[in-house]
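Presented below is the structure to which this report refers.
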Amino acid sequence: MTWLAPWAFVGLVAVAAPVLVHWLARQRAERLRFPTLEFLVRTPPVSVHRHRLRDLPLLLVRIGIVVAAVTAMAQPAWVWPGASASGPAKAIVVDTSASMLRTLGDGRAGVEVARETAAAYSGESGGDSGGRSSIVIPAAGLSDGVGKAAAWLAAQDAPRELIVVSDFQLGALVLSDLAEVPDDAGVRLVPVPVRGAVPVAPTPPRARLRVWVGAAEAEAAAAAEAAARATVDVGNELVADVPLISDQLISIVFPSAPDYAALQAAARPIDTPELFALAADIQRELGHALVADCRAISHERMSGLAVFSDAEPGSLLSAMLMAAILRASGPPAPSAAEREPDTLAAATLEAWQRDTDATQAPVRSGGSSGGRWFWGLALLLFALEGWMRRQPASESTEVAHADAA
Amino acid sequence: MPASLSPALVAAVDDLEVAARLIVEGMRSGQHRSPFHGFSTEFSQYRAYRPGDDLKYLDWKVLARTDRLYTRQFRETTNMSAMLCLDSSASMAYPDTGLSKFRYAAMMAAALAHLIIMQGDAVGLMTMQDGRLVYVPARGGRGHLRTVLAHVDRLTPLGQWDPGTVMTRAADLLRRRGLVCVLSDFYDDPEATRAEMRRVGRRGHDIALLQVVSREEIDLPFTGDLEFEDLETGARAWLDPVTARAGYRDALAGFLQEWRSSATRDGFDYVLMTTDEKPSEALRRYLLRRGAKR
Numbered sequence: 106m107t108w109l110a111p112w113a114f115v116g117l118v119a120v121a122a123p124v125l126v127h128w129l130a131r132q133r134a135e136r137l138r139f140p141t142l143e144f145l146v147r148t149p150p151v152s153v154h155r156h157r158l159r160d161l162p163l164l165l166v167r168i169g170i171v172v173a174a175v176t177a178m179a180q181p182a183w184v185w186p187g188a189s190a191s192g193p194a195k196a197i198v199v200d201t202s203a204s205m206l207r208t209l210g211d212g213r214a215g216v217e218v219a220r221e222t223a224a225a226y227s228g229e230s231g232g233d234s235g236g237r238s239s240i241v242i243p244a245a246g247l248s249d250g251v252g253k254a255a256a257w258l259a260a261q262d263a264p265r266e267l268i269v270v271s272d273f274q275l276g277a278l279v280l281s282d283l284a285e286v287p288d289d290a291g292v293r294l295v296p297v298p299v300r301g302a303v304p305v306a307p308t309p310p311r312a313r314l315r316v317w318v319g320a321a322e323a324e325a326a327a328a329a330e331a332a333a334r335a336t337v338d339v340g341n342e343l344v345a346d347v348p349l350i351s352d353q354l355i356s357i358v359f360p361s362a363p364d365y366a367a368l369q370a371a372a373r374p375i376d377t378p379e380l381f382a383l384a385a386d387i388q389r390e391l392g393h394a395l396v397a398d399c400r401a402i403s404h405e406r407m408s409g410l411a412v413f414s415d416a417e418p419g420s421l422l423s424a425m426l427m428a429a430i431l432r433a434s435g436p437p438a439p440s441a442a443e444r445e446p447d448t449l450a451a452a453t454l455e456a457w458q459r460d461t462d463a464t465q466a467p468v469r470s471g472g473s474s475g476g477r478w479f480w481g482l483a484l485l486l487f488a489l490e491g492w493m494r495r496q497p498a499s500e501s502t503e504v505a506h507a508d509a510a
Numbered sequence: 010m011p012a013s014l015s016p017a018l019v020a021a022v023d024d025l026e027v028a029a030r031l032i033v034e035g036m037r038s039g040q041h042r043s044p045f046h047g048f049s050t051e052f053s054q055y056r057a058y059r060p061g062d063d064l065k066y067l068d069w070k071v072l073a074r075t076d077r078l079y080t081r082q083f084r085e086t087t088n089m090s091a092m093l094c095l096d097s098s099a100s101m102a103y104p105d106t107g108l109s110k111f112r113y114a115a116m117m118a119a120a121l122a123h124l125i126i127m128q129g130d131a132v133g134l135m136t137m138q139d140g141r142l143v144y145v146p147a148r149g150g151r152g153h154l155r156t157v158l159a160h161v162d163r164l165t166p167l168g169q170w171d172p173g174t175v176m177t178r179a180a181d182l183l184r185r186r187g188l189v190c191v192l193s194d195f196y197d198d199p200e201a202t203r204a205e206m207r208r209v210g211r212r213g214h215d216i217a218l219l220q221v222v223s224r225e226e227i228d229l230p231f232t233g234d235l236e237f238e239d240l241e242t243g244a245r246a247w248l249d250p251v252t253a254r255a256g257y258r259d260a261l262a263g264f265l266q267e268w269r270s271s272a273t274r275d276g277f278d279y280v281l282m283t284t285d286e287k288p289s290e291a292l293r294r295y296l297l298r299r300g301a302k303r
């Protein structure tokens, strides 16, 4: 049996009322005119109990009325034999995405707090007490995690519940993801209040830039490259330090470069997907104003992607080209959303949650019905109390008549 | 013959004379022939036994000595006077409902008066009502019986009474040796009452004590705390009858036994009557005891 309103048991203090009434109330004793008190008052002991519990059966009935009423107010709910009273089966999805690497105010990582929260909910389900089972599903993508949890819950008996512990980054979970959850299952969304930017793992550039130019124009080209690097918000300092993923080299070749003709001859149309992706990125960075002449090259001086440019090495065009190449080949810059991601509003989370539908559970009866039974018992006892209150007078009358007869 | 009637039924008869007659008739309707010879019967003479004589009047001692059958004959004395002393104190008003001790004692007094008058003797009444003596001189005749019964009927149990004074005055007003019959619960000052009785007894009067108590007084059948109020003094006491019952019964039994013992010791007739006993049977018991004593 469980209690839906256990606070009502505070009302049990009311039991003291009838006890005090029976104990302290000076009972109006029936007066009996008697021929002589001589033989009464000289009989030891003369018992005059003015303060004692009177009418014990009546007192017990009155206490029963109070207890039944309080029990009814506590709204008992019975569990069928063999069923667990320890709560619903729980599938707990823990968000382990990058945004959960952010920290809370106390410095702990969000994912760490999420795991602790999940453990707490798992323990609450009574797994260690032989009750309903629970499962913790770590998921970098909430949608996937919720899908797995829904599948697991579908195999469980009611009552059942889905718990999602996450920072609820905007877009990580949508309402349609919850549609897979069984209708009778409760949904609880537990937000983890992480703050700050998402820590980004350093990403090496995809390629290195080399500028091929004649000695006379080298200085101007260097200036243009420096200007280009300054405009590109990528970790160009890291270019030299971080090992490259591939050995790709992007060479920008100006007409003044040595062996320009030989390089032109060695160049060929792009023939690998990697180089094509690089070329496409470079062109996207350039936009529609310029067209980069990107070709594959395999030469003793260079290999990889060669971008032939007719622009002056120190010109603005060359600087723009170099900047586009740097952007295309460098690591992707984090978006503003990743720096401080938006999260679902608390009102939205509240709206998406739903209680566990206990009425669908085959193991538990409605709490209100238990209360009704106890109200009925209280009324029955009340009637009994009234009957008992009327009894003593009629009994004594009968005795008197019988004795007189 | 009318069967002996229950106390409640007899008490329901308002007319005391009728009630008295019912009691006396009921007493005579017993299955056994009464050995009662009347208040004023005295041995007169012997005569030869004749077939049909009651064997109980056969003198067995004479038969043993002389081997002859003689029947004892009695003669009625018409000049015996009896004074009925009826306790009309408040304690006799118990119980409030049903047949009270006073009503029972009044019926017994009426029955005795009826019996005495019917046998040609004189009967009077002495009691104390509200501190004043009520006196009806002992005379015979049906008219006087009605006078006595009318006085008894007018009595109401209230206040206290002084049995010593009542008995002394009753004995004083009996012109010669007679019967002083006291009907009371004898709760009032037993020692003084007994002393006065002995004084009256020494003056040659027969004394009969008819102690009347109710069944509730003997059994104390009540439950729950009660506030007992003394009918005479008005004193009150909270008591749990269940707790007090055993001690009370012992004390009351001792009190009654003391009266029985002292009466026997002093040569008085003593009969304890309870209000649940049929009046005719109580009267028969008294008369049997009196006859056996003689």
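As they're listed, the protein sequences go chains A and B.
Residue numbering for the first sequence follows my numbering, starting at 106 and increasing by one per position.
Residue numbering for the second sequence follows my numbering, starting at 10 and increasing by one per position.
Glycine is no exception: its CB is placed at the ideal position from the N, C-alpha and C atoms.
Check                                                                                                                                                        : Outcome
Since B:A120 and B:V33 should fall inside the 8 Å C-beta cutoff, what is the C-beta to C-beta distance between them, to a whole number of angstroms?         : 5 Å
Alpha carbon to alpha carbon, how far is B:A28 from B:Y66? Give it in angstroms, no decimals.                                                                : 32 Å
List the whole-angstrom C-beta distance separating A:I357 from A:L426, where the pair is believed to meet the contact cut-off of C-beta under 8 Å.           : 6 Å
When DSSP builds the beta bridges, which residues end up paired with A:P418?                                                                                 : According to DSSP, which records beta bridges pairwise, A:P418 is partnered with nothing at all.
Could you tell me whether the Cβ of B:S100 comes closer than 8 Å to any Cβ of chain A?                                                                       : yes
Measuring CB to CB, does A:G419 end up less than 8 Å from A:A325?                                                                                            : yes
Under 8 Å, do A:R432 and A:E390 count as touching if we go by C-beta distance?                                                                               : yes
Within the continuous alpha helix (DSSP H) that includes A:Q388, where are the two ends?                                                                     : 378-391
Is the number of C-beta pairs between the segment 207-217 of chain B and the segment 176-196 of chain B that are closer than 8 Å three or more?              : yes
Does the Cβ of A:H393 have 16 or more other Cβ atoms within 10 Å, making it buried, or fewer, making it exposed?                                             : exposed
Can you name the residues of chain A whose CB is closer than 8 Å to the CB of B:L261?                                                                        : F144
Under 9 Å between beta-carbons, which chain B residues line up against A:R136? List them in chain order, please.                                             : L235, E236, F237, E238, R245
Report the start-end ranges of each beta strand (DSSP E) in the segment 84-118 of chain B that is 3 residues or longer and not cut off at the edges.         : 90-95
For A:P162, decide whether its Cβ has a neighbour in chain B, counting only Cβ atoms nearer than 8 Å.                                                        : no
Report the rounded CA-to-CA distance for B:L31 versus A:G169, giving the unit in angstroms.                                                                  : 58 Å
Tell me the rounded alpha-carbon separation between B:S289 and B:A131.                                                                                       : 21 Å
On the DSSP letters alone, give me the boundaries of the beta strand (DSSP E) that B:F264 sits inside.                                                       : Premise fails: B:F264 lies in the alpha helix (DSSP H), 250-275, not in any beta strand (DSSP E).
Could you pull out every residue in the same chain whose Cβ sits closer than 6 Å to the Cβ of A:A196, ignoring the five residues on either side in sequence? : I240, A254, W257, L258, L267
How should B:T165 be labelled, buried or exposed, when 16 other C-beta atoms within 10 angstroms of its C-beta is the threshold for buried?                  : exposed
Pick out whichever of A:W457, A:W480, A:W478 has its Cα sitting closest to the Cα of A:D282.                                                                 : A:W457
Do A:L368 and A:A416 have their beta-carbon atoms positioned less than 8 Å apart in this structure?                                                          : no
Would the segment 91-104 of chain B and the segment 192-206 of chain B be scored as touching if the rule is three or more Cβ pairs under 8 Å?                : yes
Confirm, please, whether the CB-CB distance from B:A122 to B:V157 is below 8 Å.                                                                              : yes
Which residue from B:L188, B:L93, B:T242 puts its Cα closest to that of B:L154?                                                                              : B:L93
Please report whether the beta-carbon of B:V26 lies at a distance below 8 Å from any beta-carbon of chain A.                                                 : According to the sequence shown, residue 26 of chain B is Glu rather than Val. Taking Cβ atoms only, chain A never reaches closer than 8 Å to B:E26, which makes this a no.
For B:V161 and B:V189, which I take to be in contact (beta-carbon distance under 8 Å), what is that distance rounded to the nearest angstrom?                : Not confirmed; about 16 Å, so no contact.
When you compare the CB of B:L248 with every CB in chain A, is at least one pair closer than 8 Å?                                                            : yes
Answer with buried or exposed for B:P383, where buried requires no fewer than 16 other C-beta atoms within 10 angstroms of its C-beta.                       : With chain B running from 10 to 303 in the structure shown, residue 383 of chain B is simply not present.
So which of B:G168, B:L72, B:R56 has the shortest CA-CA distance to B:R81?                                                                                   : B:R56
What span of residues does the beta strand (DSSP E) with B:K287 cover, start to end?                                                                         : First-last for B:K287: undefined, no H or E at that position.
Name the one or two DSSP bridge partners that B:W138 has.                                                                                                    : A small correction: the amino acid at residue 138 of chain B is Gln; Trp does not occupy that position in the sequence shown. According to DSSP, B:Q138 bridges with B:R141.
Name the residue from A:A219, A:T107, A:P162, A:A428 whose alpha carbon lies nearest to the alpha carbon of A:L489.                                          : A:P162
Helix or strand or just coil, what does DSSP make of A:E266?                                                                                                 : strand
Taking 6 Å as the limit between beta carbons, can you name the residues of its chain near A:F273, skipping five residues before and five after?              : P296, T448, L449
If we count the other Cβ atoms within 10 Å of its Cβ and call it buried at 16 or more, is B:L235 buried or exposed?                                          : buried
Closer than 9 Å between beta carbons: that is the criterion. Which residues of the segment 102-122 of chain B meet it against chain A?                       : A102, Y103, P104, D105, T106, G107, L108, K110
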